[in-house]
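Trainee:
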Amino acid sequence: MIRMNKNESPIKPLSTETLTKLIEKCDYHLYPDVAYDRFRKAYARYYGNTFTREQITCGNGSDELIQKLMLIMPDGPCLTLNPDFFMYQDYARQVNRDIQFVDATPELSFPVEAVLDKIEAVQPSFFILSNPHNPTGHRFDESYLLAVANRMKQLGGYLVIDEAYIDFSTPLDIALEDHILVMRTLSKAYAMAGLRLGVLIGTEKTIQLVRQIEHPYPLSALTMAIGIQLFENQADTEAFIAHQRHLSSRLKAILQQYASPHMTIYPSETNFVLTAGPQAMVLGRHVEQHGFLPRFYNDPSEATMAGFVRYSIATEAQLDRFEQVVKEWSERHDISN
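Everything in the sequence shown is counted per the working numbering, starting at 19 for the first residue and increasing by one.
1. Tell me the DSSP bridge mates of M19?
2. Along the chain, where does the beta strand (DSSP E) that runs through P312 open and close?
3. Which of the three DSSP states is assigned to Q262 in this structure?
4. Measure the beta-carbon distance from A182 to K30 and round it to whole angstroms, keeping in mind my assumption that it falls under 8 Å.
5. Applying the 10 Å Cβ sphere with the 16-neighbour rule, what's the burial state of Y235?
6. Should T38 go down as buried or exposed, given a rule of 16 or more other Cβ atoms within 10 Å for buried?
7. Here's the rule: buried if 16 or more other CB atoms are within 10 angstroms of the residue's CB, otherwise exposed. What is K24?
8. Bridge partners of N100, per DSSP?
9. Under a Cβ-count criterion, where at least 16 other Cβ atoms within 10 Å of its own Cβ denotes burial, should R115 be classed as buried or exposed?
10. Within the continuous alpha helix (DSSP H) that includes T154, where are the two ends?
11. Count the other C-beta atoms from every protein chain shown that fall within 10 angstroms of the C-beta of M91, then say buried if there are 16 or more, exposed otherwise.
12. G94 and F158 - do their beta-carbons sit closer together than 9 Å?
13. Measure the alpha-carbon distance for L177 versus V200 and round it to whole angstroms.
14. Count the other CB atoms, across all protein chains shown, that sit within 10 Å of the CB of L97; report buried if there are 16 or more and exposed otherwise.
15. Check this for me: beta carbons of I74 and I225, under 9 Å apart or not?
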């Protein structure tokens, strides 16, 4: 079964030869204190030194960073969107932090006025949302996010922007301030999901707040060795990202060409595409029967997403087969109707 349900990269960023060399050189018998500073410096340089290594803290995937934020943010509720990344609510419940939601419209949109009204009603200590948004793939623009950030600043709270999919989109042009944090993961575009590496960026003052509960050695030696390899070899990594963006464009084109006459295809600035409508589930079950597993929303906690189906990128060869399966389904659907 080909997994199209977890928004993972279908390809690896490093050759077996390169990975073998990294393992051979990896001092995994020593604590990786020097490597941690080197990784943060390489990461900052890769992104044009628009922030410094002192403005970065890392975790065992962005999941750990979400959990840390639930622990370290000031007292008060966390506010997020519904739907959004389900781990926000899971980690809030783990640490007994109240979490409240801005519910989507039936079209899965979040008008900024509704968000601002909810902030006023809930008075959250921090607001967290994914951008581009999971599961719709929508990118909230700068004016939208600044409106939210300014309202949170007025409350003495924080805005956390989870940019898990930003490398498939256009980077935000927003200056970091003490009340704004940006979270990223290397699980998507950088294909390190199994190695677990998340990054949190903010002002030095705010990052120091989070680092109060940072582990002495937050990442393994091998994880950082691979991360350093990626960010110190910018040209190779950018080519790798470009190929995944191509795969994303191709997935969108397949669904737009063959599925859009029968269902809603949501515009996406991510590595996945969301579908909706009575025929979305029919197509989803059809491709599942042909060896592709899309993301279904069957859990009672996901009632908002019932009837939606999401697809993430696959390899070129897998997309060749996926295209054939979707095309055949579409042609039979046209004949039967």
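For glycine and all other residues, C-beta sits at the position ideal for the given N, C-alpha and C.
Mentor: Taking the definition as stated:
1. Bridge partners of M19: none, in fact.
2. That run of the beta strand (DSSP E) goes 310 to 314.
3. Three-state DSSP puts Q262 in a helix.
4. That pair is no contact at about 19 Å.
5. Exposed, since its Cβ has fewer than 16 Cβ neighbours within 10 Å.
6. Flag for T38 reads exposed.
7. Residue environment analysis places K24 among the exposed positions, since fewer than 16 neighbouring C-beta atoms fall within 10 angstroms of its C-beta.
8. Answer is D121.
9. With 16 or more other CB atoms across the displayed protein chains lying within 10 angstroms of its CB, R115 is buried.
10. Segment: none, T154 is in no alpha helix (DSSP H) and carries neither H nor E.
11. Label assigned to M91: buried.
12. The criterion of a C-beta distance shorter than 9 Å is not satisfied by F158 and G94.
13. In a straight line, the C-alpha of L177 is about 8 Å away from that of V200.
14. By the beta-carbon neighbour count (other beta carbons within 10 angstroms, threshold 16), L97 is buried.
15. It is a contact, given that the beta carbons lie within the stated cut-off.
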